[in-house]
Amino acid sequence: MLHLALRMAAHRITALLAVACAVLGGAALITATGVLAESGLRSQVPPGRLGGADVVVAADQEFHPSGDLPLALPERAAVPARLVDRLAALPGVTAAVGDIGFPAALVDARTGVTPVAEDPGTAGHGWSSTRLLADARVTGRAPSGPHEVAVDAGTGLAVGARVEVVANGRPATPYRVSALVDAPGAGLYFADGTAAALAARDAGGGGPRAGTVDLIGLRTDEGAGDRVAAAVRAAVAGTGLDVHTGAGRGEAVAPGTGSARSLLILLAGSLGGIVLLITGFVVAGALGVTVAGQRRDLALMRAVGATPKQIRRLAAAQSTVVAVIALVPGVAVGYLLAGRFRDLLAGRGVLPPELPLTVSPLPALATLLLVVAAVRLCARCAAWRTSRMPATEAVAESRSEPRTPSRTRTGTGLLLVLGACALSVVPLLSRTVLGASVTSVAGILAAIGLALCGPALVRSAGDAVVRRLRPGTAAPTWLALSNVRAYALRLSGVVSPLAMGVVFVLTYTLTQTTVLAATSEDTRTGTLAQYEVTAPALGGLPDGTLSAVRDVPGVRAAAPAGTTTVVWEYEELGDPAAESAPALILAPDAGGVLDLGVTDGGLERLTGATVAVSGEAARTRGAGLGKRVRLVLGDGARVDARVVAVYDRGLGFGPVVLSRELAAGHTTTGLDQRILVRTDGTPEAGAGLTALAAGRPGLAVAGTARDAAGTDPPPEVWINLAVVVVLLGYLLLSIANKLVAATAQRRTEIAALRLAGTTPRQILAMMRREAAVVAALSLACGLLLSAVPLALLGVGFLGHPWPAGPAWLLPVVATAVTATAYLTIELPTRHALRVPSAEGLRMG
Amino acid sequence: MSTAALTAATARRAPAIALDRVARTYPGGVRALDEVSLTVEHGTFLAVMGPSGSGKSTLMHCAAGLDSPTSGRVRIDGQEISGLNETRRTELRRERVGFVFQAYNLIPSLSVEDNITLPLRLAGRRPDREWLRALTERVGLAGRLAHRPAELSGGQQQRAALVRALAARPAVVFADEPTGALDLRSAHQVLDLLRALVDDLGQTVVMVTHDPAAAARAHRALVMADGRVVEALERPTAPHLAERLVALGER
Numbered sequence: 006m007l008h009l010a011l012r013m014a015a016h017r018i019t020a021l022l023a024v025a026c027a028v029l030g031g032a033a034l035i036t037a038t039g040v041l042a043e044s045g046l047r048s049q050v051p052p053g054r055l056g057g058a059d060v061v062v063a064a065d066q067e068f069h070p071s072g073d074l075p076l077a078l079p080e081r082a083a084v085p086a087r088l089v090d091r092l093a094a095l096p097g098v099t100a101a102v103g104d105i106g107f108p109a110a111l112v113d114a115r116t117g118v119t120p121v122a123e124d125p126g127t128a129g130h131g132w133s134s135t136r137l138l139a140d141a142r143v144t145g146r147a148p149s150g151p152h153e154v155a156v157d158a159g160t161g162l163a164v165g166a167r168v169e170v171v172a173n174g175r176p177a178t179p180y181r182v183s184a185l186v187d188a189p190g191a192g193l194y195f196a197d198g199t200a201a202a203l204a205a206r207d208a209g210g211g212g213p214r215a216g217t218v219d220l221i222g223l224r225t226d227e228g229a230g231d232r233v234a235a236a237v238r239a240a241v242a243g244t245g246l247d248v249h250t251g252a253g254r255g256e257a258v259a260p261g262t263g264s265a266r267s268l269l270i271l272l273a274g275s276l277g278g279i280v281l282l283i284t285g286f287v288v289a290g291a292l293g294v295t296v297a298g299q300r301r302d303l304a305l306m307r308a309v310g311a312t313p314k315q316i317r318r319l320a321a322a323q324s325t326v327v328a329v330i331a332l333v334p335g336v337a338v339g340y341l342l343a344g345r346f347r348d349l350l351a352g353r354g355v356l357p358p359e360l361p362l363t364v365s366p367l368p369a370l371a372t373l374l375l376v377v378a379a380v381r382l383c384a385r386c387a388a389w390r391t392s393r394m395p396a397t398e399a400v401a402e403s404r405s406e407p408r409t410p411s412r413t414r415t416g417t418g419l420l421l422v423l424g425a426c427a428l429s430v431v432p433l434l435s436r437t438v439l440g441a442s443v444t445s446v447a448g449i450l451a452a453i454g455l456a457l458c459g460p461a462l463v464r465s466a467g468d469a470v471v472r473r474l475r476p477g478t479a480a481p482t483w484l485a486l487s488n489v490r491a492y493a494l495r496l497s498g499v500v501s502p503l504a505m506g507v508v509f510v511l512t513y514t515l516t517q518t519t520v521l522a523a524t525s526e527d528t529r530t531g532t533l534a535q536y537e538v539t540a541p542a543l544g545g546l547p548d549g550t551l552s553a554v555r556d557v558p559g560v561r562a563a564a565p566a567g568t569t570t571v572v573w574e575y576e577e578l579g580d581p582a583a584e585s586a587p588a589l590i591l592a593p594d595a596g597g598v599l600d601l602g603v604t605d606g607g608l609e610r611l612t613g614a615t616v617a618v619s620g621e622a623a624r625t626r627g628a629g630l631g632k633r634v635r636l637v638l639g640d641g642a643r644v645d646a647r648v649v650a651v652y653d654r655g656l657g658f659g660p661v662v663l664s665r666e667l668a669a670g671h672t673t674t675g676l677d678q679r680i681l682v683r684t685d686g687t688p689e690a691g692a693g694l695t696a697l698a699a700g701r702p703g704l705a706v707a708g709t710a711r712d713a714a715g716t717d718p719p720p721e722v723w724i725n726l727a728v729v730v731v732l733l734g735y736l737l738l739s740i741a742n743k744l745v746a747a748t749a750q751r752r753t754e755i756a757a758l759r760l761a762g763t764t765p766r767q768i769l770a771m772m773r774r775e776a777a778v779v780a781a782l783s784l785a786c787g788l789l790l791s792a793v794p795l796a797l798l799g800v801g802f803l804g805h806p807w808p809a810g811p812a813w814l815l816p817v818v819a820t821a822v823t824a825t826a827y828l829t830i831e832l833p834t835r836h837a838l839r840v841p842s843a844e845g846l847r848m849g
Numbered sequence: 090m091s092t093a094a095l096t097a098a099t100a101r102r103a104p105a106i107a108l109d110r111v112a113r114t115y116p117g118g119v120r121a122l123d124e125v126s127l128t129v130e131h132g133t134f135l136a137v138m139g140p141s142g143s144g145k146s147t148l149m150h151c152a153a154g155l156d157s158p159t160s161g162r163v164r165i166d167g168q169e170i171s172g173l174n175e176t177r178r179t180e181l182r183r184e185r186v187g188f189v190f191q192a193y194n195l196i197p198s199l200s201v202e203d204n205i206t207l208p209l210r211l212a213g214r215r216p217d218r219e220w221l222r223a224l225t226e227r228v229g230l231a232g233r234l235a236h237r238p239a240e241l242s243g244g245q246q247q248r249a250a251l252v253r254a255l256a257a258r259p260a261v262v263f264a265d266e267p268t269g270a271l272d273l274r275s276a277h278q279v280l281d282l283l284r285a286l287v288d289d290l291g292q293t294v295v296m297v298t299h300d301p302a303a304a305a306r307a308h309r310a311l312v313m314a315d316g317r318v319v320e321a322l323e324r325p326t327a328p329h330l331a332e333r334l335v336a337l338g339e340r
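Chains as they are written, first to last, in this note's numbering: chain A, 6 to 849; chain B, 90 to 340.
So, in structure tokens, the structure goes:
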């Protein structure tokens, strides 16, 4: 069978090219998604600062919902300091270091801040942490006492130099450099006691994290690593702490990498569905055209004794050969694509640049299995009708459509379209990013429904038009319309992918822009403050900034605001569910700078263990005013908080707002990240703020107008737009391929028309009119199918039944569709016209 | 093999084709076959004639197992096929039945040799190389096996189709207007070959044609009209058949 399949494939190389392209592109997209998913699950960041530690003990920075993927906890969770001595006593341990990291920066009144570490929020460490560095060269001696510090050799300072350090929000203090540490981005090293005091981690201190360290690094005797790790695991069993060795140590360096990884998983998950839907659609379409082109050959084989099963096996074998050949470059492109995508994410600051992609053969293998299975299934389905055809039909030469489109097919299609319409109501009920994403899925489902019920629709539409045609109509028009009607199946095979393209671009892009518009509308109207004061280079705002800001003349209100992550556990349809969401941290006086659209309760009650929640969350999670909600804070601490306010602008400000007191001690730095400032609007007030910042190195003042106060547009928005471009390219390429193949298969028809006296000019005119019908139908169907979901989305998010988005989108889509339809029909027709007509008949 | 021995051999076997009151009604109520009964013995050459729409093609499709009759029984080489499903019928067909069509129906993407061995391959059988060589030599295609069908003349294509039909040593060969698309000389060659197959190799041949000259080469001719057999002629002659056809056409 394979021999026959190969022979027949070789003869149909142009038709199979469409399948090859579809498989190649699909394989690339699936592989890329697979690489992202695998990296999300398994990627390891390099151990960096902990390269010299053989065993690292740190808290688990993940929340594990039952039966679901873990959710990342990005705030550093502490480890009890007394564990350091216990672990140090284990046999084989040569050194045990309790490592802490806290905000620290070198400042200079003239030159500002000298960067010393990638994250200034954790740049400060105790001297003993240098023992965790992998072969660091130290010049000088250990800092001792409260006024000595060791700095990264990269700063260009010399031993003995005088520097000013802002540590953990304290005012700039003079230090003497006692040593240089030659490790890139190592940070600042204080005497151990000084470090603990600065970070408020010393056992005697009163801070919320007193008596704790961030992690414990152990150095062991040569070759004793595994033994020690086992002993440490036994020692910490039951405490919930994790023990890392080897490549796993990177996990403990920065808790944020976990959330970057879960972003990758989330991304791969949301991409996966769309990619599989579109790949399946494209591959099935290409195979449909290819098998239709071989219909006569296959029917002849039936006549000379092939069973229906053998016909299907032949079609499957043939497409499998093509698919496997196309898979090889496709998978390779997929790995490259994933790399590009990671660069894009890292470039936008969504991923930490040091997080590498995991490159293993697993995604390739999964792609191979998925694509081959899909191709075989699609080929068998495409050959189904031909294979079931009575053998006599092959003998009675027939070029018309196989039969009328089956009722089941039309029915299923209509049901899908109706189902998609029902689905697009979701954004009305759930005003969230997740709710909005249903819009594009509904659009694509509707397009698939169209592909199924299209033939019946096209036929009845064609019937209606031809019946009304006046007798005097030009021959090409009449021919074109008759073709439309008679070859409804073929035509809708061309119209539906184009309509799918229109639907996909419109719903996917406009969903993103609509959500973006609604979000920024929310944050813009909700942000009363005109300015925000930050200190990213210091790792957080120094103490006293708030009161200094309030003292600036013209300032009406100033309030701190932070951002963290919480995991909200709630019941969904009786099942426990957990969702990780960004959360604002606000003080009771936030009402002066932010208007969250509070409908119930008030922000001034945000003291103690209290939260404010969005109306959306309050409704769906039973968290109305006065109710208690169970949250897991960013460092994994479980808290029980009372709802004291319910607000409207959940889209812009997130589902939950924590009180400052609730979040205290549960964030990595503990410092305020931002101060939102509302002034009287005079230029003097702005100038006053700028002058304040100029006087304090590290402080930055920015307007809130551009980058609105709440949350930035979620990175998914930008990512999704990038995905639209890639998928659209794939879709257009495969549509073009399919159209070329479909037109090329009409050679016999064109030859017969010429023999019957149709001039080449008339044939071109006829084909152009068909192209016009194709483009018009595709656009109309695409618009119609996207209209309902997009109108509902507009109503849900913007309050008017149309989406927000760039005005040029529709004309560009229309031009692209028309150009594709025209070019891919015109060129093969011209090619067919160059062949003498008698030859054309024979080739059929 | 002598004629006596042949007769003795066929006497023990069931007839090559046996139709018992076979009817075929198409959707829409067109009755293409009206309870036709017919027996074709092994080693005989039968011609089926009739004007267009007389049901001769339907008769052949039903007798060959390409189509299922609406009622009645069809046996090929003693094997009942009326109740079989499409797959079983196909399998039976490729073992016991060979076809020659007016349009040759060679698969354009396969070489002549691949076309000839196709039914055997589909049946999962090894081609009998000796037999195929003898056949291709006999029909004069020995040097053209590697060619594509499009590179052969019509007569050559039809002879290739004949070899394909015989490759599996079928119980009966059905020929549907085998000379309809050929020039006079090629048509003669093909008819000579068919007759020789019957006379020399004891092959059974059923040929549907509207050409009285072609039908005159058969042992027996049936004349059909309106789905029924209106006349059966032993040792038919072309003038007589032509006369009958003209008469039927004028009704």
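Think of the CB as a built atom: it goes at the ideal place given N, C-alpha and C, for glycine as much as any other residue.
All values derive from a computational prediction rather than experimental measurement.
The straight-line gap separating the alpha-carbon atoms of A:Ala64 and A:Val661 is approximately 25 Å. DSSP places B:Tyr193 outside both helix and strand once states are collapsed to three, so it counts as coil.
Taking a cut-off of 8 Å on C-beta distances, the segment 549-557 of chain A does not touch the segment 641-651 of chain A, as fewer than three cross pairs fall below it. Assignment of A:Met394 by DSSP, reduced to helix, strand and coil, places it in the coil class. The Cβ atoms of B:Leu334 and B:Ala250 do not sit closer than 8 Å to each other.
Residue range Leu814 to Arg839 is occupied by the alpha helix (DSSP H) that includes A:Tyr827, with no beta strand (DSSP E) assigned at that position.
Within chain A, the C-beta atoms nearer than 7 Å to that of B:His150 come from Thr397, in chain order. Here B:Leu334 carries a helix assignment [DSSP, helix/strand/coil]. At the C-beta level, B:Ala192 and B:Ala270 come within 8 Å of one another. A direct Cα-Cα distance of roughly 18 Å separates A:Arg752 from A:Gly498. Chain-order list of chain B residues neighbouring A:Ala297: empty, with the shortest C-beta distance near 16 Å, by a criterion of under 8 Å. Closer than 8 Å to the CB of B:Phe263 there is not a single CB belonging to chain A.
For B:Trp220, the enclosing alpha helix (DSSP H) begins and ends at Arg218 to Val228. A Cβ-Cβ separation of about 6 Å places A:Val60 in contact with A:Val233 under the 8 Å criterion.
Under the Cβ distance rule, B:Leu173 does not count among the residues neighbouring chain A, no pair being separated by less than 8 Å. Residue-level contact by beta carbon fails for A:Asp65 and chain B, as no gap is shorter than 8 Å. Taking A:Gly159 as reference, the option from A:Val143, A:Met505, A:Ala172 and A:Leu34 with the minimal CA-CA separation is A:Val143.
Closer than 7 Å at the C-beta level to chain B, one finds these residues of the segment 311-324 of chain A: Ala311, Thr312, Pro313, Lys314 and Gln315.
Among the CB atoms of chain B, one or more fall inside 8 Å of the CB of A:Val309. Between A:Leu92 and A:Val98, the C-beta gap is smaller than 8 Å, which places the two residues in contact. In terms of Cα proximity to A:Leu784, the closest of A:Gly506, A:Asp348, A:Asp580 and A:Met771 is A:Gly506.
Less than 8 Å divides the Cβ of A:Arg381 from the Cβ of A:Ala321.
A:Ala776: member of the alpha helix (DSSP H) spanning Pro765 to Leu803, first to last residue. Annotated three-state conformation of A:Val237 is helix, per DSSP.
A:Leu421 is a Cβ neighbour of A:Gly454, given a cutoff of 8 Å. In this structure, the CA atom of A:Thr482 is about 35 Å from the CA atom of B:Ser198.
The beta-bridge partner set that DSSP reports for B:Gln245 is empty.
Note that the C-beta distance between A:Thr834 and A:Leu769 is below 8 Å.
Pairing A:Val89 with A:Val237 gives a Cβ-Cβ distance that is not under 8 Å. Within chain B, the C-beta atoms nearer than 7 Å to that of A:Arg12 come from Ser198, Leu199 and Asp203, in chain order.
Contact check for B:Gln245 against B:Leu234 fails: the beta carbons are separated by 8 Å or more.
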